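Here the sequence shown is numbered in this note's numbering, starting from 746 and rising by one per residue.
Every residue gets a Cβ at the ideal spot worked out from N, C-alpha and C, and that includes glycine.
Nothing here was measured: the structure is a model prediction, and the numbers come from that model.
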Amino acid sequence: RTALDLAAGIARRVLAEAPDSMRTEGWLERIRQKLGSLPAAERAELMGQLAAGAALRVVSAAAIPADAADRWRERLREALAPGVAINFETDAGLIGGAELRFPHATLGFSVQGAVRALQEEAARHDQPH
Numbered sequence: 746r747t748a749l750d751l752a753a754g755i756a757r758r759v760l761a762e763a764p765d766s767m768r769t770e771g772w773l774e775r776i777r778q779k780l781g782s783l784p785a786a787e788r789a790e791l792m793g794q795l796a797a798g799a800a801l802r803v804v805s806a807a808a809i810p811a812d813a814a815d816r817w818r819e820r821l822r823e824a825l826a827p828g829v830a831i832n833f834e835t836d837a838g839l840i841g842g843a844e845l846r847f848p849h850a851t852l853g854f855s856v857q858g859a860v861r862a863l864q865e866e867a868a869r870h871d872q873p874h
């Protein structure tokens, strides 16, 4: 656990020095591919959450510049549906990457999410059998 905490701290410091575009732009294609590979039932459930006009919230570790936000909207609408409302927010706690926050579900693509998953796995291995 100590090693994972140290790794998260290092990642946070390294990414803090990177330009914002590097902290967000590279994740768009990964997110789009994930949305395209979702099973039909899971995709339909997520789209159902947006059907009544609810907005998809894209929360990124760094602010997404306006021109990049336009690309994100275009690509996400291609992957989801043309009329989907998309709002952008930032949360530096993600360290790097982004999360897609639907009204009742979150798809995470962040450094913090990866670190959290590793910490949970390490904790499971610490449990007595």
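Between which two residues does the beta strand (DSSP E) containing residue i stretch?
i, result
"glycine 842", "842–847"
"arginine 802", "801–805"
Where does the unbroken alpha helix (DSSP H) through residue i begin, and where does it stop?
i, result
"leucine 783", "Note, leucine 783: premise wrong, no alpha helix (DSSP H); not H, not E."
"leucine 821", "811–824"
Between residue i and chain B, is there a C-beta pair that is closer than 8 Å?
i, result
"histidine 849", "The displayed structure is made up of one protein chain only, and chain B is not part of it."
Leaving aside the five residues before and after residue i along the sequence, list all residues of the same chain whose C-beta is less than 7 Å from its C-beta, in chain order.
i, result
"leucine 791", "Phe847 and Ala850"
"alanine 824", "Arg777, Leu780 and Gly781"
Quick one: what does DSSP say residue i is sitting in, helix, strand or coil?
i, result
"glycine 853", "strand"
Under 8 Å Cβ to Cβ from residue i, same chain only, skipping five residues before and after it: list those, please.
i, result
"valine 803", "Ile809, Trp817, Leu821, Ile831, Asn832, Phe833, Glu834, Ala843, Glu844, Leu845 and Arg846"
"leucine 801", "Leu795, Leu821, Leu825, Val829, Ala830, Ile831, Asn832, Leu845, Arg846 and Phe847"
Give every residue of the same chain whose Cβ lies closer than 6 Å to the Cβ of residue i, excluding the five residues on either side of it in the sequence, and list them in chain order.
i, result
"aspartate 836", "Val804"
"alanine 867", "Arg746"
"tryptophan 772", "Gly842, Ala843 and Phe854"
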